[in-house]
Amino acid sequence: DAKTTQPPSMDCAEGRAANLPCNHSTISGNEYVYWYRQIHSQGPQYIIHGLKNNETNEMASLIITEDRKSSTLILPHATLRDTAVYYCIVRVAMTGGSYIPTFGRGTSLIVHP
Amino acid sequence: SAVISQKPSRDICQRGTSLTIQCQVDSQVTMMFWYRQQPGQSLTLIATANQGSEATYESGFVIDKFPISRPNLTFSTLTVSNMSPEDSSIYLCSVGVGWNTEAFFGQGTRLTVV
Numbered sequence: 006d007a008k009t010t011q012p013p014s015m016d017c018a019e020g021r022a023a024n025l026p027c028n029h030s031t032i033s034g035n036e037y038v039y040w041y042r043q044i045h046s047q048g049p050q051y052i053i054h055g056l057k058n059n060e061t062n063e064m065a066s067l068i069i070t071e072d073r074k075s076s077t078l079i080l081p082h083a084t085l086r087d088t089a090v091y092y093c094i095v096r097v098a099m100t101g102g103s104y105i106p107t108f109g110r111g112t113s114l115i116v117h118p
Numbered sequence: 454s455a456v457i458s459q460k461p462s463r464d465i466c467q468r469g470t471s472l473t474i475q476c477q478v479d480s481q482v483t484m485m486f487w488y489r490q491q492p493g494q495s496l497t498l499i500a501t502a503n504q505g506s507e508a509t510y511e512s513g514f515v516i517d518k519f520p521i522s523r524p525n526l527t528f529s530t531l532t533v534s535n536m537s538p539e540d541s542s543i544y545l546c547s548v549g550v551g552w553n554t555e556a557f558f559g560q561g562t563r564l565t566v567v
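Right under this line is the structure:
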């Protein structure tokens with residue numbers, strides 16, 4: 006598995022963009038980068054994933070560097086409800102096609118008023 | 454997508470007893486997994502629940518302590534046996550619905566052993 010490194014904590018002002026970095030320097034060519042978040046007392050929630058192109062959905066944007074050794078999750082206009090632990094995961098491929106998310110410590114994002 | 458229902462949502466149990474946690478999915482899924490999240494920690498994979506065969510356990514987890522059943526493609530149970538206070542954690546069910554798709558998680562079962 007490719008390992009990921011994230012800062013343990015970050016904070017952001019409400020309404021501003023939150024930029025969460027992730028290093029995955031040992032990522033393989035066919036491994037995707039996934040982001041999940043876990044709001045307190047809830048199960049993890051999928052946010053976005055990508056291979057090498059930048060991706061955007063209704064929740065966030067994912068910027069992956071050209072060498073794929075790092076990525077940044079961007080929450081364009083953070084709200085108080087975005088306070089959560091954010092996990093960057095590199096997919097582990099399994100026989101049969103499904104994958105098992107392996108979680109690191111993640112980044113605890115606190116959005117303050 | 455998949456909607457996962459976990460029961461119970463929380464429980465307080467006496468040491469030495471066992472608790473069975475149920476995970477029901479609203480559609481047939483290929484893979485089902487069980488995770489543990491100890492207080493203040495990240496998620497740790499316990500095992501993969503295999504339909505029709507024995508579960509596949511990760512290092513540090515054994516069948517006698519965490520027996521798992523998966524009778525069909527929509528349901529699985531995890532039992533925490535002979536509980537001690539160290540088993541106090543959140544237990545989460547997760548499913549994978551196919552290649553290059555996200556994993557879905559239940560809301561978890563918050564277990565406190567006293």
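Chains as they are written, first to last, in the numbering used here: chain A, 6 to 118; chain B, 454 to 567. Where is the CB? At the ideal position from N, CA and C, for every residue including glycine.
Less than 8 Å divides the Cβ of Ala502 of chain B from the Cβ of Ser529 of chain B.
Interface annotation for the stretch 485-504 of chain B against chain A: Phe486, Tyr488, Gln490, Gln494, Ser495, Leu496, Thr497, Leu498 and Thr501, criterion Cβ-Cβ distance under 9 Å. If you draw a 10 Å sphere on the C-beta of Leu85 of chain A, you find fewer than 16 other C-beta atoms in it, and that means exposed.
Annotation: the continuous beta strand (DSSP E) that includes Thr532 of chain B extends over Phe528 to Val533. Of all C-beta pairs linking the stretch 482-498 of chain B to the stretch 542-549 of chain B, three or more are shorter than 8 Å, placing the two stretches in contact. With the rule of 3 Cβ pairs closer than 8 Å, the stretch 460-469 of chain B does not count as touching the stretch 499-513 of chain B. With a threshold of 16 other beta carbon atoms within 10 Å, Thr565 of chain B falls short and is exposed. For Gln481 of chain B, the number of other beta carbons within 10 angstroms of its own is below 16, and it is reported as exposed.
Burial state of Ile94 of chain A is buried, judged by a 10 Å Cβ sphere holding 16 or more other Cβ atoms.
Residue contact check for Gly55 of chain A against chain B: no CB pair falls below 8 Å. Taking the C-beta atoms as reference points, Tyr39 of chain A is found no nearer than 8 Å to Pro81 of chain A.
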